[in-house]
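> Throughout the sequence shown, residue numbering follows the UniProt record's numbering, covering 1 to 327 in sequence.
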Amino acid sequence: MQEIFEKVLATGAGLDEAGILEALRTPDEDLPELLQLAHDVRMKWCGPEVEVEGIVSLKTGGCPEDCHFCSQSGLFASPVRSVWLDIPSLVEAAKQTAATGATEFCIVAAVRGPDQRLMDQMREGVKAIREAVDIQVAASLGMLTQAQVDELVEMGVHRYNHNLETCRSFFPNVVTTHSWEERWGTLTMVRDSGMEVCCGGILGLGETVEQRAEFAAQLTELDPHEVPMNFLNPRPGTPLGDQPVVEGKDALRAIAAFRLAMPKTILRYAGGREITLGDLGTRDGLLGGINAVIVGNYLTTLGRPATADLALLEDLKMPVKALSATL
């Protein structure tokens, strides 16, 4: 099997589902070797740069969907309540994000899909941000129509995030108010529009290791520009509030396996890494395939201070990716 893993390094062609599963089953004693190989793959096919991103919620809480991990659902007895962010606050958040050296600022809304009010606010917000600060603007607004995809392109949104969350076979255990196929439909429209596709999910929802391999293989089929890797941070009041967190070594195995599945993709640290991996594990993941990070806080949970992540990148001699000259 090691020969198959090393073939990824040589050719840049990712593992198939069977190979991904084999990587996810790597024994503890072989994990350092797997992480080193994943790091070598990242360095050869992506380079040493790390893309830094900040996120902010334009509309928080009150979502009508029942994603079992999410405290923003209006259906659960969780503490997040519906709040809208005004445009000046959005611009200020973008400025603060840019000040960390980040090149990407993602506007997120807790909705099934955007209504006209949200699209109007997005248009106003994107315009104000682009006038105030040099940073690329991404969006995550749920499921879209073709007309909304076209409108986001016209606004200048360059990347769209819409996570599949988990594999197709496990999805009904996590969400019942919409289907995996509906999410896939939005993602294919976004990809065909020319916007970059950002699509990942959450590990530790109760899926089996075989289903983690299935998920990585499905992401490979989609071929997203970026894959955010989240690890469940159980939220009080949600159906998964008592779910145990992912073991650190399993998280590292997943990072390496996803890198070997998608050698040329941006693989981004996202939510839950603080409790799953801690400081040492965070370093190990950056040396095991990760090449992008979300800095600061997430939508409803606390992250690491941006200064801590930036100091770690400097210590590892991993340069922060510069803002694209084509912005």
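Using N, Cα and C, we set each Cβ at its ideal position, and we do this for glycine too.
1) What residue from C199, W45 and E65 has the CA that sits closest to T220's CA?
2) Find out if the Cβ-Cβ distance for the pair R186, M143 is shorter than 8 Å.
3) For D218, which residues in the same chain have their Cβ closer than 8 Å to its Cβ, ignoring the five residues on either side in sequence?
4) With 16 as the cutoff for other CB atoms within 10 Å, does T307 come out buried or exposed?
5) Using only alpha-carbon positions, find the residue among A254, Q2, P263 and I275 that is nearest to R42.
6) Below 8 Å between beta carbons: does that hold for I87 and G54?
7) With distances taken Cα to Cα, identify the nearest neighbour of V175 among D66, P48 and M318.
8) Use the C-beta contact count for K30: other C-beta atoms within 10 angstroms, 16 or more gives buried, fewer gives exposed.
9) Please tell me whether G204 and Q243 are closer than 8 Å, where the distance is taken between their beta carbons.
10) Taking R275 as part of the alpha helix (DSSP H), name the residues at either end of that continuous run.
11) Taking its Cβ as the centre, do 16 or more other Cβ atoms sit within 10 Å of Q116, making it buried, or is it exposed?
12) DSSP three-state call for L164: helix, strand or coil?
13) Taking buried to mean at least 16 other C-beta atoms within 10 Å of its own C-beta, is E51 buried or exposed?
14) So what's Q146 in DSSP terms, helix, strand or just coil?
15) What number of angstroms, rounded off, separates the C-alpha of E131 from the C-alpha of G285?
16) Residues in the same chain with beta-carbon distance under 7 Å from Q121, minus the five sequence neighbours each way, listed in chain order, please.
17) Pick out whichever of H162, D315, E207 and A102 has its Cα sitting closest to the Cα of T188.
18) Hey, would you say L287 sits closer than 8 Å to G248, going by beta carbons?
19) Go through its chain and collect everything with a Cβ distance to V190's Cβ below 8 Å, but skip five positions before and after it.
20) Could you please give the first and the last residue of the uninterrupted beta strand (DSSP E) stretch that includes V133?
21) On the CB-based measure, 16 or more other CB atoms within 10 Å of its CB, does R183 come out buried or exposed?
22) Any contact between the segment 7–24 and the segment 225–243? By contact I mean 3 or more CB pairs, one from each, below 8 Å.
23) On the DSSP letters alone, give me the boundaries of the alpha helix (DSSP H) that M43 sits inside.
24) Secondary structure at V174, three-state DSSP: helix, strand or coil?
25) Does the Cβ of R25 have 16 or more other Cβ atoms within 10 Å, making it buried, or fewer, making it exposed?
26) Which residues does DSSP pair with M229 in a beta bridge?
27) Quick one, are the C-beta atoms of A216 and I20 less than 8 Å apart?
28) Of all the options T265, F171, T238 and A213, which has the alpha carbon lying nearest to the alpha carbon of D250?
29) Within the same chain, show all residues whose beta-carbon is closer than 6 Å to that of P239, passing over the 5 residues directly before and after it, in chain order.
30) Report the option in L141, V153, I290 and E314 whose CA atom is closest to the CA atom of K127.
So, from the listed chains and residues:
1) C199
2) Note on identity: in this sequence residue 186 is Thr, with Arg being the wrong assignment. The answer is yes: Cβ separation under 8 Å.
3) In the sequence as presented, Asp is not what sits at residue 218; that position holds Gln. Once the five neighbours on either side are set aside, the close Cβ partners of Q218 are L164, C167 and R168.
4) exposed
5) P263
6) no
7) D66
8) Note that residue 30 is Asp in the sequence shown here, rather than Lys. Classification for D30: exposed.
9) yes
10) The question names Arg, but residue 275 in the sequence shown is Ile. Element bounds for I275: R273 to T276.
11) exposed
12) coil
13) buried
14) helix
15) 36 Å
16) L58
17) H162
18) no
19) L144, V149, Y160, H162 and V197
20) V133 -> no beta strand (DSSP E), and no H or E assigned at all.
21) buried
22) no
23) L31 to W45
24) coil
25) exposed
26) G201 and Y269
27) yes
28) A213
29) H68
30) V153
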